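Since the structure comes first, as structure tokens, the remarks are kept for the end.
Numbering (the working numbering), first residue to last: 18 to 124.
Set out below in structure tokens:
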């Protein structure tokens, strides 16, 4: 397994998190304050569609996004699939960003 793959074992559900980061004016990278933001699943493989949820951390200043992937017997075993997270802010029409692909390996 590569370091950037999430393993999903047959018959099991998986919970995992990522930290959404931003660069400040000084060039330092740290967690983005997601207060007021909305997270959604974007560009998901069809086998993941409907089986994956994303929520912001109860403390949105941490920049954490939590995911839950529910096992489905129709998911192809041995297959690597991807999805991306999308963050938007209703009060900022200019902010609409997606993550790099997040890879899921079904075992």
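Using N, Cα and C, we set each Cβ at its ideal position, and we do this for glycine too. Note that this is a predicted model, so its numbers are computed, not measured.
Could you tell me the distance, in whole angstroms, from the CA atom of residue 116 to the CA atom of residue 72?
14 Å
Take residue 79 and list the residues in its own chain whose beta-carbon comes closer than 7 Å to its own, dropping the five residues that flank it on each side.
48
Are residue 102 and residue 55 close, meaning C-beta to C-beta below 8 Å?
no
I need the boundaries of the beta strand (DSSP E) containing residue 36, first residue and last residue.
31–36
Through-space distance from residue 42 to residue 19, alpha-carbon basis
Caution applies to residue 19, whose pLDDT of 46 falls short of 50 and renders its modelled position unreliable; the value that the coordinates give is listed next. Their Cα atoms are separated by approximately 33 Å.
Whole-angstrom distance between residue 28 and residue 122, CA atom to CA atom:
13 Å
Looking at residue 97 and residue 40, is the spacing between their C-beta atoms short of 8 Å?
no
Rounded to a whole number of angstroms, what is the C-alpha to C-alpha distance between residue 90 and residue 24?
15 Å
Beta-bridge pairing of residue 83 - partner residues as DSSP gives them
34, 72
Residue span of the beta strand (DSSP E) that contains residue 98, given as start and end
97–106
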